[in-house]
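Below is one structure, written out as structure tokens; comments come after it.
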Amino acid sequence: MGLIGCVFPALERPSVLTLLPPEAFVARPALWLRALGHHRGTISPAPNFAYALATERIRDEEMEGIDLSPWRFALCGAETVVPEVLRAFAERFARWGFRPQALKPVYGLSEAALAVTFADLERPFLAVHFDRTALVERGEAVAVAMPSMPPSGDQAREIVSVGRPLEGFGLELRDEAGARVPENRVGRVFVAGPSLMRGYLDQPEATAASLRDGWLDTGDLGFLHQGELFLTGRAKEILLVRGRNYSPVDLELAVADLPDVRRGCVAAASHLPAGRETEAVVLFVEHPKGVPSERFAVLRARAREAVLTRVGLAVDTVEVLAPGTLPRTSSGKIRRGEAMQRYLTGTLTPPSPT
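Sequential numbering of the sequence shown, starting at 3, is according to this note's numbering.
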């Protein structure tokens, strides 16, 4: 995202590029928006986590004298895009000139170097509510009108559109047998395009498993609705419990707004314990700084109740973690599989104090 999405375009079409170290942003999120205001930046990409952290941590006094009105394209990708986070960010920084229309959910991956789909540049981002049961049990995307749903909205899942394929790119949704599925059916996302990789360096087996007749199996799950792509999760991270598939994103969103939960810092994963016939589900939840351990038991109980109510799944374990414990990619995406592996080996520990 940083190299191909930011550095190369600034060289290809000469312009001013301002770089901010990720660790500096995490320590003081206001540096990001202050840099945008100072340089009158027009484009800046970030993962969902960054927008959530900025909304939560930046103080009014840190925004003094900042004008965000030149910011035309606030790209959001690299991890699940949460509509509540985008709306909260837009509302929080509207008084400093930020326009909701600037928020642009996008989808891309390294193997496609880089972008695959973009949201419409001329309209606000699109979020649609879909029937949760139909998605989970039948893999069918059924759009619902929220006024007809229960007040809690537990039967619906709101998903953000990441837009349509860029010019020259092909996009297909396929089932496990490789057959193309129709619109509004969940399938594996396959892409083809001019910037697709030729293969993984010195990994012929991995290349053969991912590339098929010029199409890349991304490993992502999603569906097309009115021609736009909606993502539902990663195939390898789907939780299989008692014969039913659950998206970890659903579990994570169920607890995202609970008290004492650090925004954007929840991960759900599963493993098969020795001597057990079904997967055990573990929910990793980071708490913000300053939360006393005496409140952890209440947080665990609330998290279990929230997941059971919204998703219909009983979580086996809720692990409350110190801030910064969950492993992430360089672009801010939580590594669920690595978190589980560290948990099982006893190495899921907080970062060293600096």
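Think of the CB as a built atom: it goes at the ideal place given N, C-alpha and C, for glycine as much as any other residue.
Count the CB pairs spanning the segment 292–311 and the segment 244–258 that are closer than 8 Å, and state whether there are at least three. yes
First and last residue of the beta strand (DSSP E) that includes GLY172? As a working mapping, residue 172 is identified with position 170 in the sequence shown. Note, GLY172: beta strand (DSSP E), 172–176.
Would you give the residue range spanned by the alpha helix (DSSP H) that ARG312 belongs to? The residue you call residue 312 lines up with position 310 of the sequence shown. Element bounds for ARG312: 298–313.
Bridge partners for GLU142 per DSSP, in chain order? Taking the sequence shown and counting its residues from 1, one reaches residue 142 at position 140. Paired residue(s): ARG187.
Contact under 7 Å by Cβ, LEU198 with LEU218: By 1-based counting over the sequence shown, the position of residue 198 is 196. By 1-based counting over the sequence shown, the position of residue 218 is 216. Going by C-beta atoms, LEU198 is nearer than 7 Å to LEU218.
Where does HIS131 fall in DSSP's three states? The residue labelled residue 131 in the question sits at position 129 within the sequence shown. In the structure shown, HIS131 sits in a strand (DSSP, three-state: E or B).
For VAL130 and VAL144, I'd like the C-alpha separation in whole angstroms. In the sequence shown, residue 130 corresponds to position 128, counting from 1. In the sequence shown, residue 144 corresponds to position 142, counting from 1. C-alpha separation (whole angstroms): 10 Å.
Which first and last residues belong to the beta strand (DSSP E) in which GLU230 is found? Stepping through the sequence shown from its first residue, residue 230 is reached at position 228. GLU230 -> beta strand (DSSP E) spans 230–236.
Where ALA271 sits in the DSSP three-state scheme: Position 269 of the sequence shown, counting from 1, holds the residue named residue 271. Correct three-state label for ALA271: strand.
For ALA341, report the span of its alpha helix (DSSP H) as first-last. Against the sequence shown, residue 341 aligns to sequence position 339. Its alpha helix (DSSP H) spans residues 338–347.
CA-to-CA distance, GLY216 to SER154, given in whole angstroms: In the sequence shown, residue 154 corresponds to position 152, counting from 1. In the sequence shown, residue 216 corresponds to position 214, counting from 1. Reliability of the predicted coordinates at SER154 is poor, the pLDDT of 47 falling under 50, and the value obtained from them is presented with this limitation in mind. Their Cα atoms are separated by approximately 44 Å.
Looking at the secondary structure, which residues open and close the alpha helix (DSSP H) in which GLY39 lies? Residue 39 sits at position 37 when you count from the first residue of the sequence shown. It spans 32–41 - the alpha helix (DSSP H) in which GLY39 sits, taken as one unbroken run.
Sequence ranges, beta strand (DSSP E) only - wholly within the segment 18–98, length at least 3: 45–48, 75–78
Taking the beta strand (DSSP E) that VAL263 falls in, what are its first and last residues? Residue mapping note: residue 263 aligns to position 261 of the sequence shown, counting from 1. Taken as a continuous stretch (DSSP letters only), VAL263 belongs to no beta strand (DSSP E), as it is neither H nor E.
Mapping the DSSP letters down to three states, classify ASP222 as helix, strand or coil. Within the sequence shown, residue 222 is the residue found at index 220, counting from 1. ASP222 falls in the strand class under three-state DSSP.
On a CA-only basis, which of VAL322, SER332, ARG89 is nearest LEU350? Give me that one, please. Along the sequence shown, read from residue 1 onward, the residue named residue 350 stands at position 348. Comparing Cα-Cα distances from LEU350 to each of VAL322, SER332, ARG89, the minimum goes to VAL322.
Tell me whether GLY110 sits in a helix, a strand or coil according to DSSP, three-state version. On the sequence shown, residue 110 is found 108 positions in, with the first residue counted as 1. Here GLY110 sits in strand by DSSP.
Taking the alpha-carbon positions, what's the ILE240 to PRO250 distance? The residue labelled residue 240 in the question sits at position 238 within the sequence shown. The residue labelled residue 250 in the question sits at position 248 within the sequence shown. Those two C-alpha atoms are separated by around 6 Å.
Three-way DSSP call (helix, strand, coil) for PHE100 in this model: The sequence position of residue 100 within the sequence shown is 98, counting from 1. The answer is coil: DSSP assigns PHE100 none of H, G, I, E or B.
Is the segment 96–110 touching the segment 70–81, taking contact as three or more C-beta pairs under 8 Å? yes
What does DSSP give as the partner residues of THR119 in its beta bridges? Taking the first residue of the sequence shown as position 1, residue 119 is located at position 117. Its beta-bridge partners are TYR109, PRO167.
Leaving aside the five residues before and after THR44 along the sequence, list all residues of the same chain whose C-beta is less than 8 Å from its C-beta, in chain order. Reading the sequence shown from its first residue, position 42 is the one you call residue 44. Around THR44: PRO72, TRP73, ARG74, PHE75.
Would you identify the three-state DSSP class for LEU241, choosing helix, strand or coil? Along the sequence shown, one-based indexing puts residue 241 at 239. Strand at LEU241.
Three Cβ pairs or more, each shorter than 8 Å: is that satisfied between the segment 119–127 and the segment 46–55? no
Where does VAL293 sit, in a helix, a strand or coil, going by DSSP? Translated into positions along the sequence shown, residue 293 becomes position 291. Residue state, collapsed to three classes: coil.
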